[in-house]
Amino acid sequence: LASVPANGLSPLWSNFLCVLVPLTVNFKVIGPDHPIMVSAGQDALLPCHLFPNTSAQEMEVRWYRSKFSEPVHLYQNEKDQAEQQIPNYQGRTELLKDGIVDGSVVLRIRNITPSDHGQFICFFRSHSFYEEATLELKVTGQMSPLNVTPHCRLHRDRQLLARGLPGKAPSRPGQFVYLPRLQLWPIAAPTGRGSPSKANGGCGKGGQHIPQAAPLPAAPIGLGQ
Numbered sequence: 008l009a010s011v012p013a014n015g016l017s018p019l020w021s022n023f024l025c026v027l028v029p030l031t032v033n034f035k036v037i038g039p040d041h042p043i044m045v046s047a048g049q050d051a052l053l054p055c056h057l058f059p060n061t062s063a064q065e066m067e068v069r070w071y072r073s074k075f076s077e078p079v080h081l082y083q084n085e086k087d088q089a090e091q092q093i094p095n096y097q098g099r100t101e102l103l104k105d106g107i108v109d110g111s112v113v114l115r116i117r118n119i120t121p122s123d124h125g126q127f128i129c130f131f132r133s134h135s136f137y138e139e140a141t142l143e144l145k146v147t148g149q150m151s152p153l154n155v156t157p158h159c160r161l162h163r164d165r166q167l168l169a170r171g172l173p174g175k176a177p178s179r180p181g182q183f184v185y186l187p188r189l190q191l192w193p194i195a196a197p198t199g200r201g202s203p204s205k206a207n208g209g210c211g212k213g214g215q216h217i218p219q220a221a222p223l224p225a226a227p228i229g230l231g232q
């Protein structure tokens, strides 16, 4: 008869126990080794992946900048958590998950502005391990006004028809500058009935918002009738 080891287990069962011991799966998060260059007004694609290839479908995937608690985008419990995004990125991001079963994801950020310039951190967390990588986004290109909205409207004989609110803030702070009308050079623009008027006269101390963060040249100022 075969002898039984002192621990009461045969060599065969000992082998099975070794196989059943759970192992912690470690991984690295890999991002581009160079800055990602994107022109203002365009979309940015920020890729990162796990090495070795490991499914991230059940992991937490978090993109953030300076504060972990302020996610640019958060994927958790196998779905995107849009309500936890910081306001600057709500409605602007999308996590592309075509390769998530292999540990590869891409964050799309729409309508890049100068405030997006800088570092983004890609963070993965499993049940027993977490790791992150830092990516750098560089916003390039000279941004020009997309259009100019008059602060006031003039009749063709230059009589004031309506005046806007001089202190009204734009809908997207940080992407606009406020300039007095008298700093704008004269420009002819249609009034709505085909007659030209000077855009830089007759409005006194009025002002207007000029969007800076736009990729297209400025459009003519339409003074209206």
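Quick note on numbering: the numbering used here labels position 46 of the sequence shown as 53, and the sequence is numbered without any gaps.
Ideal placement from N, C-alpha and C gives every residue a C-beta, glycine not left out.
Open item on the list: Could you tell me the alpha carbon to alpha carbon distance between Asp123 and Leu81, rounded to whole angstroms?
Closed with: 17 Å
Task: For Ala126: DSSP bridge partner residues - done: Inspection of the sequence shows that residue 126 is occupied by Gln rather than by Ala. Per DSSP, Glu143.
- [ ] Would you check if the distance between the CB atom of Gly125 and the CB atom of Leu144 is smaller than 8 Å?
- [x] yes
TODO: Specify, as a first and last residue, the run of the beta strand (DSSP E) that Pro78 falls within.
DONE: 78 to 83
Open item on the list: Can you give me the C-alpha to C-alpha distance between Ile119 and Val146, rounded to a whole angstrom?
Closed with: 7 Å
Task: Closest by C-alpha distance to Pro78, when choosing among Leu52, Met44, Cys129 - done: Cys129
Task: Cα-Cα separation between Glu65 and Pro39, rounded to whole angstroms - done: 24 Å
Task: Thr100 - partner residues in DSSP beta bridges - done: Ile116
- [ ] Kindly identify the DSSP beta-bridge partner or partners of Glu67.
- [x] Arg132
Task: Among His134, Gly106, Glu90, nearest to Arg99 - alpha-carbon criterion - done: Glu90
- [ ] Assign Ala195 to one of three DSSP states: helix, strand, or coil.
- [x] Model confidence at Ala195 stands at a pLDDT of 34, short of 50, so the residue's coordinates are unreliable and nothing is read from them.
Open item on the list: Helix, strand or coil for Asp109? Go by DSSP, reduced to three states.
Closed with: helix
Task: Residue from Asp50, Arg115, Asn33, Ala47 whose Cα sits closest to the Cα of Ala63 - done: Asn33
TODO: Below 7 Å CB to CB, which residues in the same chain sit around Phe127 once its five sequence neighbours on both sides are set aside?
DONE: Leu53, Trp70, Arg72, Val79, Leu142, Leu144
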